[in-house]
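According to the working numbering, the sequence shown is numbered sequentially starting from 25.
C-beta: ideal position from N, C-alpha, C; glycine also.
Worksheet: one structure, shown below.
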Amino acid sequence: MTDTTPATSTYAWWQKGIVYQIYSRSFQDSNADGIGDLRGITTRLEYLAWLGIDAIWLSPIYTSPMVDFGYDVSDYTGIDPMFGTLDDFDAMMKRAHDLGLKVIMDFVPNHTSDQHPWFIESRSSRNNPKRDWYIWRDGRNEGPPTNWLSEFGGPAWTYDPVTFQHYYHAYLAQQPDLNWRNPDVRAAMHDAMRFWLDRGVDGFRLDTIEHLIEDNQFHDNPPNPDYESRMPPASMLIRRYTTNQPDIHEALMGLHAVTDTYPNRALIGETYLPLEQMVGYYAHGIHLPFNFNLIGATWTAANIAQLIKRYEALLPAGGWPNWVLGNHDRMRIASFIGRAQARIAAMLLLTLRGTPTLYYGDELGLQNVDIPQHRVQDPWEKNLPGLGFGRDPVRTPMPWDATPNAGFTTATPWLPLNADWQTRNVAAFQCDDSRMLALYRNLITLRKNEPALSIGAYGKITAQDDVLVYERVHDGRTLCIYLNFDAASSSIKIARPATILLSTRTDRIETDITRQLDLQPNEGVVTVCAATPSEK
Ligand code: NOJ
Ligand code: CA
25 MTDTTPATST YAWWQKGIVY QIYSRSFQDS NADGIGDLRG ITTRLEYLAW LGIDAIWLSP
85 IYTSPMVDFG YDVSDYTGID PMFGTLDDFD AMMKRAHDLG LKVIMDFVPN HTSDQHPWFI
145 ESRSSRNNPK RDWYIWRDGR NEGPPTNWLS EFGGPAWTYD PVTFQHYYHA YLAQQPDLNW
205 RNPDVRAAMH DAMRFWLDRG VDGFRLDTIE HLIEDNQFHD NPPNPDYESR MPPASMLIRR
265 YTTNQPDIHE ALMGLHAVTD TYPNRALIGE TYLPLEQMVG YYAHGIHLPF NFNLIGATWT
325 AANIAQLIKR YEALLPAGGW PNWVLGNHDR MRIASFIGRA QARIAAMLLL TLRGTPTLYY
385 GDELGLQNVD IPQHRVQDPW EKNLPGLGFG RDPVRTPMPW DATPNAGFTT ATPWLPLNAD
445 WQTRNVAAFQ CDDSRMLALY RNLITLRKNE PALSIGAYGK ITAQDDVLVY ERVHDGRTLC
505 IYLNFDAASS SIKIARPATI LLSTRTDRIE TDITRQLDLQ PNEGVVTVCA ATPSEK
């Protein structure tokens with residue numbers, strides 16, 4: 025029989041590979057100001073090569089007043105002095121590429137800083153040539169033009185007394201939205217992308233793309249009947265006229281066209297949308313619309329089995345899946361489900377079909393860090409204090425070793441370290457095979473050595489009580505993954521003898537399974553099935 029399975033080499037790096045998000049302020053400080061920077065990142069790339077990941081995504085490092093920590097860009101082709109210089113950037117890129125790591129930059133197309141020269145010009149007069157680069161509008165009945173709400177609280181319009189109009193901002197008032205219907209805006213942003221592509225960056229993570237275009241009839245958003253008080257206030261309205269508008273297609277295809285003129289580049293899109301809408305972004309030219317559906321998911325085997333099946337069923341032809349467990353905006357996975365189940369989550373992430381994105385520090389089992397009130401940095405928390413939306417707890421410095429400040433800085437770190445940094449740090453974990461870091465590294469190595477994991481298809485996907493079971497198949501080799509979502513042991517009948525390749529627990533003794541697999545509490549295993557006689 026002819027083998028029709030595609031060869032490993034026909035897959036792009038962003039399909040086969042593993043992405044690691046570096047929150048740039050928190051990875052490594054090199055100049056004693058308590059804030060991570062490019063030279064610091066460069067010195068830590070070897071660690072990432074050791075871990076085995078394939079690409080780094082850097083949170084924004086552009087020139088910025090840092091009101092939203094770099095998501096308020098005032099120069100798209102400059103490096104903020106806090107992070108270093110263009111030379112530092114080039115040196116970081118060179119070192120990364122020498123180590124075989126791809127580099128993905130964050131790109132923030134939806135809005136600029138209010139300190140960007142474009143906005144300063146735009147707000148200066150109603151007939152300034154850049155006026156239409158942003159979204160300006162007269163008020164309505166002495167109030168804002170529409171009822172649209174800012175994601176960070178309050179109205180999404182700010183009145184400007186210089187020209188007596190309001191400007192729109194999906195986020196902070198210091199982050200005015202660009203007008204993506206204006207061809208000059210598109211051209212300027214394309215130029216900015218080319219600037220970095222010419223320097224060799226391998227792709228972009230595009231910030232908040234569903235917000236790129238708003239309704240040009242300026243309809244009010246309808247109330248959200250499903251709103252609950254634990255949700256951000258912006259969710260009181262359905263974002264019907266402010267996100268996911270039809271014209272997004274053309275705008276995003278423009279970004280795709282620019283990227284596509286360079287070989288082997290990837291576009292990853294940040295989309296917080298229901299699955300049905302999110303998968304539509306493949307057709308908008310996004311290679312990997314982020315799939316955030318594991319974050320905050322009901323953590324049961326049945327629900328996750330259902331989620332995998334639903335996602336797979338909705339993927340368009342040729343759409344490559346991806347999975348994410350955490351990022352700089354959401355609760356740490358080890359806090360959300362606890363450390364024991366975080367090991368299950370790691371095995372899940374690294375054995376599912378689709379590109380995994382790891383969030384720095386999750387490989388150490390970092391949890392949310394309590395931030396005392398006087399050290400709060402996040403503008404969202406400052407706008408809406410005490411409601412639990414603050415993102416500082418997941419942005420704390422990477423603990424490297426047991427030297428002062430965990431080796432992150434010689435100054436006071438911009439956010440406090442995890443309280444247990446003296447024992448929970450990279451150096452300590454590198455010497456202890458029982459810790460989360462070894463599990464991550466073993467899973468990454470396994471994924472690299474087993475094409476069934478990186479590019480294989482799914483076999484069956486089921487939930488048997490609290491155990492999630494799925495198969496990954498490639499070239500006649502079947503790996504079966506069993507994840508016990510419960511803190512009690514569990515036994516599963518197995519159809520074919522199998523050998524355990526990796527367990528989330530270090531105390532497993534039995535590795536050859538014939539009829540029944542006995543899983544310990546919170547244990548996950550990857551097994552390889554013995555070939556059936558016809559497969560031999
Ligand atoms: C999404 C980013 O991930 C978040 O950190 C930022 O505050 C908003 N977009 C606004 O750019
Ligand atoms: Ca620094």
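Beta-carbon proximity check, residue i vs residue j, cutoff 8 Å
i      : j      : result
Glu234 : Thr267 : yes
Met75  : Ile468 : Position check: residue 75 holds Leu in this sequence, whereas Met was assumed. In contact: Leu75 and Ile468 (Cβ atoms closer than 8 Å).
Leu62  : Asp112 : yes
Val97  : Thr109 : no
Val225 : Met129 : yes
Pro428 : Leu439 : no
Ile328 : Leu276 : no
Gln401 : Asp416 : yes
Ile292 : Leu339 : no
Trp157 : Leu202 : yes
Thr375 : Val43  : no
Gln540 : Ile518 : yes
Leu82  : Ser48  : yes
Arg161 : Val186 : no
Tyr506 : Val497 : no
Gly41  : Phe51  : no
Buried or exposed (CB count within 10 angstroms, at least 16 for buried), residue i
i      : result
Asp27  : With a pLDDT of 46 at Asp27, under the threshold of 50, the predicted position of this residue should be treated as unreliable, though the coordinate-derived value follows. So Asp27 counts as exposed.
His135 : buried
Cys455 : exposed
Met25  : Reliability fails at Met25, whose pLDDT of 39 lies under 50, so the model's placement of it is uncertain and no value is given.
Asn473 : exposed
Pro84  : buried
Glu252 : exposed
Met255 : exposed
Glu300 : exposed
Lys154 : buried
Glu559 : Interpretation of Glu559 is limited by its pLDDT of 46, a score under 50 that renders its predicted location unreliable; the figure taken from the coordinates is listed afterwards. Glu559 should be labelled exposed.
Glu534 : exposed
Asp499 : exposed
Phe219 : exposed
Gly304 : buried
Asn151 : exposed
Tyr406 : The identity of residue 406 in the sequence shown is Lys, whereas the question assumes Tyr. When all chains shown are included, Lys406 counts as exposed.
Asp104 : buried
Gly320 : exposed
Ala36  : exposed
Thr285 : exposed
Asn288 : exposed
His308 : buried
Distance cut-off 7 Å: residue i Cβ against heavy atoms of ligand 2
i     : result
Ser54 : yes
Ile85 : no
Asp57 : yes
Gly60 : yes
Start-to-end residues for the alpha helix (DSSP H) that takes in residue i
i      : result
Glu336 : Ala325 to Leu338
Thr283 : Ile272 to Asp284
Trp37  : Trp37 to Lys40
Tyr71  : Leu62 to Leu75
Asn407 : Pro403 to Asn407
Asn466 : Met460 to Asn473
Glu238 : No alpha helix (DSSP H) holds Glu238; DSSP gives it neither H nor E.
Val450 : Val450 to Gln454
Limits of the unbroken beta strand (DSSP E) element including residue i
i      : result
Phe360 : Element bounds for Phe360: not the beta strand (DSSP E) but the alpha helix (DSSP H), Ile357 to Phe360.
Tyr44  : Val43 to Ile46
Trp220 : Careful: Trp220 lies outside any beta strand (DSSP E), inside the alpha helix (DSSP H) at Pro207 to Asp222.
Thr523 : Ala522 to Ser527
Pro380 : Thr379 to Tyr383
Phe228 : Gly227 to Leu230
Leu543 : Gln540 to Leu543
Glu495 : Val491 to His498
Contact with chain B by residue i, beta-carbon distance below 8 Å
i      : result
Met302 : The chain labelled as chain B is not found in the depicted structure, where only one protein chain is given.
Contact test: residue i Cβ vs ligand 1 heavy atom, cutoff 7 Å
i      : result
His140 : no
Glu294 : yes
Asp231 : yes
His193 : no
key: the stretch 258-277 contacting the stretch 237-250, beta-carbon criterion three pairs below 8 Å   = yes
query = Is there contact here, the stretch 317-334 with the stretch 386-395, by at least three beta-carbon pairs under 8 Å?
reply = no
request  = Would you be able to state if there are at least three C-beta pairs under 8 Å between the stretch 448-463 and the stretch 481-491?
outcome  = They do not touch, by the three-pair rule.
ask   = Would you say the stretch 101-118 touches the stretch 198-205, given that touching needs at least three Cβ pairs under 8 Å?
value = Contact between the stretch 101-118 and the stretch 198-205 is absent, because fewer than three Cβ pairs lie under 8 Å.
task = Evaluate contact between the stretch 475-483 and the stretch 31-39, counting only Cβ atoms and requiring at least three cross-stretch pairs below 8 Å.
result = yes
query = At a cut of 8 Å, does the stretch 539-558 reach the stretch 512-527 through at least three beta carbon pairs?
reply = yes
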